[in-house]
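Each remark here refers to the structure printed beneath this line.
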Amino acid sequence: MPHATQHADIAAVASAELDSALRGGPFHAALRAAIAARGLPLQRVQHHLSRRGVKVGVTSLSYWQQGARRPQRPESLRAVRALEEILQLPEESLIRLLSEADEHSALQQPAARSYRSLVEASGMLERLLAELDCPVDGGLHTLAHHEQVRIGARRELAGRESHHIVRAHKDGVDRFVAVHHGDPGCTPERMTVHALENCRTGRVRWHHDTGVLVAELLFGTRLRAGDTYLFRYGVEDGTADVSREYARGFPLAGGQYALQVRFAEHALPARCHRFAQHSAAAPRSGRQGLAISGLHRSVHLVEPRVRTGIVGIGWEWE
């Protein structure tokens, strides 16, 4: 039975490759080996996911097993856990490989938040926004967003102030939901939100473990489609340890964004740089050194028109 023997040999090789990939990774190699070992085409994998109530496209599955993309949204992480069951893998085996990749990335880029922390914060943000019955853009397009971040004498994220210029794209908009993501170890329940101009503070929600805080800013008037509005608010933080970066995520492309980071007089970093990411899972790009203004103890960046993704400023302490 040479034909049967050949199939057995192929299966044994596939099983050995899978065992090796599950032990040492990376994630995409383990996923590819698991799919090959089970002999499932991607369409069948997608079908099994769909039966479990998880929606993932065949293209996404293909990208994941090629290493072109990594699962990052909460729905995608649900899919990874379902894949462990569908492909008859040990529980947490694929999730563990994603986590180890995060830790490796953190070693390579010590100033960056881990991929896992960003994904967890993104999932919690969706839940908090749902509690406030708020869509992603809230019926507003951002024309300009100028943000100033203060780093305190303990090198902590002391607080920030934001000045927004927005335009309504539907009738009846009367509020904006501000999002603040504190540094690791922060205590969001101790933070305070201040309405500074043309708004007042409404409901505030937070999640301790991820450090995410959301707050309604009420305009006191209902905008019509096409109306513009200016408002300003601040967040007092100061609840975490040493800060090493500040980043702003943009789920939608929009107008101008300016970020200024100002340091306390006796807490100046050795170096500063700007960075960008297409997504939480993507590598950082566009790194560029920024000179600290000696007189004003600050650095800044300006994006004339933001694209979806993440942009920020990082710094290194002596």
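At position 8 of the sequence shown the residue is numbered 82 (our numbering), and the sequence of numbers has no breaks.
Every residue, glycine too, gets a C-beta built ideally from N, C-alpha and C.
From a predicted model like this one, the values you see are computed outputs, not experimental measurements.
Among all the DSSP beta bridges, which residues are the ones paired with residue i?
i    : result
C346 : L364, W389
R336 : R224, S372
Q330 : A218
V380 : Answer by DSSP bridge pairing: none, since V380 is not bridged.
R241 : H215, T302
S359 : A350
H281 : V286
V309 : R234, V267
T275 : L291
A321 : G386
L297 : V247
Judging by CA-CA distance, which residue of the options is the nearest neighbour of residue i?
i    : options                : result
A204 : L297, R348, W280       : W280
P378 : K244, R336, G329       : G329
T302 : A327, H243, P343       : H243
R345 : I366, V385, A356, R336 : I366
H238 : A289, L304, G98        : L304
Y307 : L92, A108, D283, E235  : E235
G323 : R296, H219, T261       : H219
V288 : P262, R358, N272, E271 : P262
L369 : K129, H352, E339, H254 : E339
D110 : T284, M265, A95        : According to the sequence as given, residue 110 is Ala; it is not Asp. Of the candidates T284, M265, A95, the one whose C-alpha sits nearest the C-alpha of A110 is A95.
G276 : L291, D283, L161, Q334 : L291
P148 : Q162, V128, G141       : V128
P325 : L163, I160, V253, R125 : V253
G259 : V240, R126, H282, L375 : H282
S223 : A327, E392, H374       : Sequence inspection shows Val at residue 223; the Ser mentioned does not correspond to that position. The candidate whose alpha carbon is nearest that of V223 is H374.
R152 : Q140, L172, T133       : L172
T284 : N272, L270, H215, H255 : H255
V208 : R170, R249, L217, D245 : Checking the sequence shown, residue 208 turns out to be Cys, not Val. Comparing Cα-Cα distances from C208 to each of R170, R249, L217, D245, the minimum goes to R249.
H122 : Q162, Q139, W138       : Q162
A341 : A350, E390, T133       : E390
W138 : S124, E200, P343, P100 : P100
Roughly how many angstroms separate the alpha carbons of residue i and residue j, rounded to a whole number?
i    : j    : result
G213 : G363 : 36 Å
D315 : R298 : 43 Å
G360 : E221 : 20 Å
L116 : L135 : 7 Å
R274 : G294 : 8 Å
R144 : T313 : 32 Å
D257 : I225 : 12 Å
I387 : Q120 : 39 Å
R358 : H102 : 20 Å
H352 : I384 : 6 Å
L92  : L114 : 14 Å
V278 : V251 : 9 Å
L333 : S317 : 16 Å
E158 : A355 : 20 Å
F337 : G131 : 45 Å
P164 : R112 : 14 Å
V193 : I160 : Here the model assigns V193 a pLDDT of 49, short of 50, so the residue's position is not dependable, and the following value carries that caveat. So the two alpha carbons sit approximately 23 Å from each other.
R296 : M265 : 28 Å
E392 : R348 : 18 Å
V154 : G98  : 17 Å
V240 : S150 : 32 Å
E230 : V376 : 23 Å
H215 : G300 : 10 Å
T382 : A327 : 5 Å
L217 : V247 : 16 Å
E271 : A350 : 30 Å
S372 : A269 : 24 Å
A180 : G141 : Note that A180 scores a pLDDT of 37, beneath 50, so its modelled location is shaky; the value from the coordinates is reported in the next line. Going by the C-alpha atoms only, they are around 18 Å apart.
R170 : L202 : 27 Å
V335 : V309 : 14 Å
So what does DSSP say about residue i, is it helix, strand or coil?
i    : result
V253 : strand
R234 : strand
Q351 : strand
A204 : helix
E159 : helix
E165 : coil
L114 : coil
V154 : helix
V247 : strand
L92  : helix
R229 : coil
S179 : With a pLDDT of 42 at S179, under the threshold of 50, the predicted position of this residue should be treated as unreliable, though the coordinate-derived value follows. Note: S179 maps to helix in three-state DSSP.
R97  : helix
T261 : coil
V132 : helix
Pull up the CB-CB distance for residue i and residue j, whole angstroms please, since I reckon it's below 8 Å.
i    : j    : result
V286 : M198 : 5 Å
A227 : D311 : Not quite, the Cβ-Cβ distance comes to about 14 Å (not below 8 Å), so this is no contact.
Y320 : V380 : Not a contact, Cβ separation roughly 15 Å.
L168 : A104 : 6 Å
D156 : R126 : Reading off the sequence, residue 156 comes out as Ala, not Asp. That pair is a contact at about 5 Å.
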